[in-house]
Amino acid sequence: MRKVDRRAFLRLGAVTGLASGITVGSNGAANALGSDAAQGVKKYVRLGRTEMKVADISFGSFPLRHGDEGLVHYALDQGINYFDTAESYGDGTSEVVMGNALKGRRDDVYVATKIAAGARDSAGSMMRRLDECLSRLQMDYVDVFFNHAVNDVDRLKNPEWHEFAEKAKAQGKVKYLGMSGHGGYLVDCVEYAVEQDMFDVLLLATNFGEDAAFYERFTRAFDFVANQQGLQEPMAKAKEKDIGIIAMKVLRGAKLNDMRPYEKQGYTYSQAAFRWVLNMPEVDNLIITMRNRDNVDEFLGASGSGAVTDYDMALLQQYAKMNEATYCSNTCNDCEGSCPYNVPIPDLLRMRMYAMDYGDVSIARQEYARLAVDGSACLSCDGSPCRDACTHEIPLADLCAPTHQMLS
Ligand code: SF4
Ligand code: SF4
Numbered sequence: 271m272r273k274v275d276r277r278a279f280l281r282l283g284a285v286t287g288l289a290s291g292i293t294v295g296s297n298g299a300a301n302a303l304g305s306d307a308a309q310g311v312k313k314y315v316r317l318g319r320t321e322m323k324v325a326d327i328s329f330g331s332f333p334l335r336h337g338d339e340g341l342v343h344y345a346l347d348q349g350i351n352y353f354d355t356a357e358s359y360g361d362g363t364s365e366v367v368m369g370n371a372l373k374g375r376r377d378d379v380y381v382a383t384k385i386a387a388g389a390r391d392s393a394g395s396m397m398r399r400l401d402e403c404l405s406r407l408q409m410d411y412v413d414v415f416f417n418h419a420v421n422d423v424d425r426l427k428n429p430e431w432h433e434f435a436e437k438a439k440a441q442g443k444v445k446y447l448g449m450s451g452h453g454g455y456l457v458d459c460v461e462y463a464v465e466q467d468m469f470d471v472l473l474l475a476t477n478f479g480e481d482a483a484f485y486e487r488f489t490r491a492f493d494f495v496a497n498q499q500g501l502q503e504p505m506a507k508a509k510e511k512d513i514g515i516i517a518m519k520v521l522r523g524a525k526l527n528d529m530r531p532y533e534k535q536g537y538t539y540s541q542a543a544f545r546w547v548l549n550m551p552e553v554d555n556l557i558i559t560m561r562n563r564d565n566v567d568e569f570l571g572a573s574g575s576g577a578v579t580d581y582d583m584a585l586l587q588q589y590a591k592m593n594e595a596t597y598c599s600n601t602c603n604d605c606e607g608s609c610p611y612n613v614p615i616p617d618l619l620r621m622r623m624y625a626m627d628y629g630d631v632s633i634a635r636q637e638y639a640r641l642a643v644d645g646s647a648c649l650s651c652d653g654s655p656c657r658d659a660c661t662h663e664i665p666l667a668d669l670c671a672p673t674h675q676m677l678s
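According to the numbering used here, the sequence shown is numbered sequentially starting from 271.
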């Protein structure tokens with residue numbers, strides 16, 4: 271038996287011509303396919319031990335801006351009842367807009383927000399930031415309060431977090447605690463958090479391309495087996511403890527427009543990617559950034575839908591073939607240490623994704639400005655140290671300097 275990872279899978283596809291069964295021009299429409307009618311949420315799921323019954327496809331608010339209140343109302347009207355935001359989204363703007371939109375509807379919804387609590391932050395500073403979140407949201411409490419983008423076990427070991435968390439719950443400001451993560455040390459962090467039973471909910475970056483079963487499904491006939499992906503094991507342990515698991519970054523880069531020519535009514539790439547994640551046994555529901563009403567309609571087209579179809583598989587394979595050359599999962603960390611100037615390469619690529627794939631250059635620039643070290647060194651570097659550093663063959667030396675130029 272041979273082993274295959276996503277890179278080997280793509281090579282296999284190129285060599286054997288694995289048939290995707292779809293052709294350009296099968297539809298060709300550039301609008302939101304699958305949105306022939308507002309279909310609404312068709313399934314609510316139990317979010318682990320929280321006992322909250324949340325929409326299987328829920329609202330991510332990363333780019334929410336003033337004037338988007340109507341979008342939140344539309345999502346509410348379609349049955350979405352779980353809304354995710356964060357202190358850092360638009361420097362608090364997302365929370366403000368969310369708070370304005372949900373005024374008078376607090377009892378109908380679950381609201382989650384996040385702060386990135388550091389390894390040396392004090393309980394007092396965390397409480398102050400929670401209070402600021404609540405003030406922007408104009409709410410007395412949040413249902414889930416996350417430690418955001420955790421990629422360092424030391425942040426979880428900080429005793430001040432525990433002191434803060436107990437106090438915040440006792441004061442009724444927080445019902446449940448969570449951890450979100452999408453970095454290279456996510457597996458270590460999830461393992462530690464689950465072992466210590468620190469959280470009721472985990473918000474984790476995962477998608478079809480991180481799931482060993484995706485590769486197995488295409489390669490079984492060729493006596494290939496997929497590498498076990500590291501995150502699935504601690505996720506399964508979390509499920510054993512009845513910790514709720516929410517998936518994010520499920521579109522693997524969200525290049526939706528690239529896929530329009532291959533889609534047909536009722537079978538869009540996003541719906542296929544959602545069906546995949548919602549069929550993962552470890553996952554309860556997902557959050558996805560919704561930018562407009564067409565997004566809401568298209569995305570909810572996958573709510574309550576059952577098994578992954580052959581057409582879904584063809585779309586996912588097509589997407590993987592078209593995009594793996596520049597997609598950084600942010601979770602393998604194999605390029606760590608390659609840059610003598612300590613440029614955080616996966617972070618650069620994530621922000622490039624925000625700008626190029628999500629089409630949101632201003633948010634990408636905001637996030638880029640937060641980096642302790644940016645890519646300015648790339649401007650005078652010939653790229654030789656990182657040229658072959660990516661084990662997934664992303665041409666780092668060609669991408670880093672232009673990314674810095676675009677975002678700085
Ligand atoms: S181009 Fe040079 S400075 Fe930039 S990430 Fe690569 S090695 Fe580092
Ligand atoms: S750039 Fe490549 S090696 Fe580095 S984290 Fe991304 S996929 Fe992994």
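Note that CB positions come from ideal geometry on N, CA and C, so glycine has one too.
If I measure Cβ to Cβ from residue 582 and keep anything under 8 Å in the same chain, skipping five residues before and after, which residues do I get?
Closer than 8 Å at the Cβ level, and outside the excluded window around residue 582, lie 537, 541, 542, 545, 546.
Which residues mark the beginning and the end of the beta strand (DSSP E) in which residue 383 is found?
Residue 383 -> beta strand (DSSP E) spans 380-385.
Using beta-carbon positions only, say whether residue 411 and residue 373 come within less than 8 Å of one another.
No, Cβ-Cβ distance for residue 411 and residue 373 is not below 8 Å.
Does DSSP put residue 611 in a helix, a strand or coil?
Residue state, collapsed to three classes: coil.
Is residue 659 helix, strand or coil by DSSP?
Residue state, collapsed to three classes: coil.
Taking residue 626 as the reference, give the member of 562, 640, 527, 366 with the closest Cα.
The residue with the shortest Cα to Cα distance from residue 626 is 527.
Assign residue 495 to one of three DSSP states: helix, strand, or coil.
Unreliable placement is indicated for residue 495, whose pLDDT of 34 sits below 50; no coordinate value is reported for it.
Confirm the yes/no value for this check: CB of residue 611, any heavy atom of ligand 1, distance under 7 Å.
Yes, since a heavy atom of ligand 1 falls inside the 7 Å radius drawn around the Cβ of residue 611.
Should residue 311 be labelled buried (16 or more other beta-carbon atoms within 10 Å of its own) or exposed?
It counts as buried.
Would you call the stretch 562-577 in contact with the stretch 421-432, where contact means no fewer than 3 C-beta pairs closer than 8 Å?
No: fewer than three Cβ pairs fall under 8 Å.
To the nearest angstrom, how far is the alpha carbon of residue 345 from that of residue 414?
Roughly 19 Å separates the two Cα atoms.
Assign residue 519 to one of two classes, buried (16 or more other C-beta atoms within 10 Å of its C-beta) or exposed (fewer than that).
Buried, because 16 or more other Cβ atoms sit within 10 Å of the Cβ of residue 519.
Cβ of residue 603 within 7 Å of any heavy atom in ligand 2?
Yes; taking the cut-off as 7 Å, the Cβ of residue 603 has a heavy atom of ligand 2 nearer than that.
Between the C-alpha atoms of residue 309 and residue 567, what's the straight-line distance to the nearest angstrom?
About 7 Å.
Quick check: the Cα distance between residue 705 and residue 591, rounded to an integer number of angstroms?
The structure shown does not extend to residue 705, since the chain spans only 271 to 678, so no value can be given for it.
Taking 7 Å as the cut-off, is the C-beta of residue 670 nearer than that to any heavy atom in ligand 2?
No, the beta carbon of residue 670 sits no closer than 7 Å to any heavy atom of ligand 2.
When every heavy atom of ligand 1 is checked, does at least one fall within less than 7 Å of the C-beta of residue 598?
Because no heavy atom of ligand 1 lies under 7 Å away, the Cβ of residue 598 does not count as near it: no.
With contact counted as at least three CB pairs below 8 Å, one residue from each stretch, are the stretch 366-383 and the stretch 596-608 in contact?
Short answer: they don't touch.
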